[in-house]
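Asker:
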Amino acid sequence: MSDRATGRTAQAPAGTRQACPISPVVDLVFSRWTTPILWSLHHEGRLRFVELQRHIGTITPKVLTQRLRQLERDGLVLRTYHPEVPPRVEYEISELGRSLAPLFASLAEWSADHLDTVETARLAYDGESPAPGRA
């Protein structure tokens, strides 16, 4: 369960069993901007804010700031402040964030192997007229 306004993941009440045990991980890692941020930091290494923003592309500074703060809070990103003139801040993926690399590698492999099939299925579906009972 995720609060879309804050991006924070809510904890299920004690004794409550979730229908899907990976839901908290999906909420944490696969939000709109989290994946591209973690991917960029994993592949590029330590980056300053503007460099990270360039790698991601269409993200606004406000949203990037919010996501980086949440990722730092979650322990997936490390922020280093250098007290110099002008001040310099760098971001890097933490060991915890790096531990997601096999998951991302598996998803990248799945994507390479299956996205063409997904696109073919979408085109076939979109070309069909709705079947009875399907609105």
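Residue numbers (our numbering): 15 to 149. Ideal Cβ placement from N, Cα and C applies to all residues, glycine included.
What beta strand (DSSP E) runs, 3 residues minimum, are completely inside the stretch 45 to 126?
Answerer: Whole beta strand (DSSP E) segments, 3+ residues: 91 to 96 and 102 to 107.
Asker: Count the CB pairs spanning the stretch 108 to 125 and the stretch 60 to 69 that are closer than 8 angstroms, and state whether there are at least three.
Answerer: The stretch 108 to 125 vs the stretch 60 to 69: no contact.
Asker: Taking all protein chains shown into account, do 16 or more other C-beta atoms lie within 10 angstroms of the C-beta of Ala19, making it buried, or fewer, making it exposed?
Answerer: Only weak support exists for where Ala19 lies, its pLDDT of 45 falling under 50; the value from the coordinates is given anyway. Exposed, by the Cβ-count rule.
Asker: Work out the CA separation of Ala138 and Ser37 for me, nearest whole Å.
Answerer: Their Cα atoms are separated by approximately 30 angstroms.
Asker: Rounding to the nearest angstrom, what Cα-Cα distance links His96 and Val64 in this structure?
Answerer: In a straight line, the C-alpha of His96 is about 15 angstroms away from that of Val64.
Asker: Are at least three pairs of beta-carbons, each pair with one atom in the stretch 75 to 84 and one in the stretch 54 to 62, less than 8 angstroms apart?
Answerer: Output reads no: the stretch 54 to 62 does not touch the stretch 75 to 84.
Asker: Are the CB atoms of Leu92 and Ser108 within a distance shorter than 9 angstroms?
Answerer: Yes, the pair counts as a contact, with Cβ atoms nearer than the cut-off.
Asker: Gln32: buried (16+ other C-beta within 10 angstroms of its C-beta) or exposed?
Answerer: By the 10 Å Cβ count, Gln32 comes out exposed.
Asker: With respect to the alpha helix (DSSP H) encompassing Pro35, which residues constitute its N-terminal and C-terminal limits?
Answerer: First-last for Pro35: undefined, no H or E at that position.
Asker: Can Ser56 and Ala115 be called in contact, C-beta distance under 9 angstroms?
Answerer: For clarity, residue 56 is His in the given sequence; the question names Ser instead. Closer than 9 angstroms, so yes.
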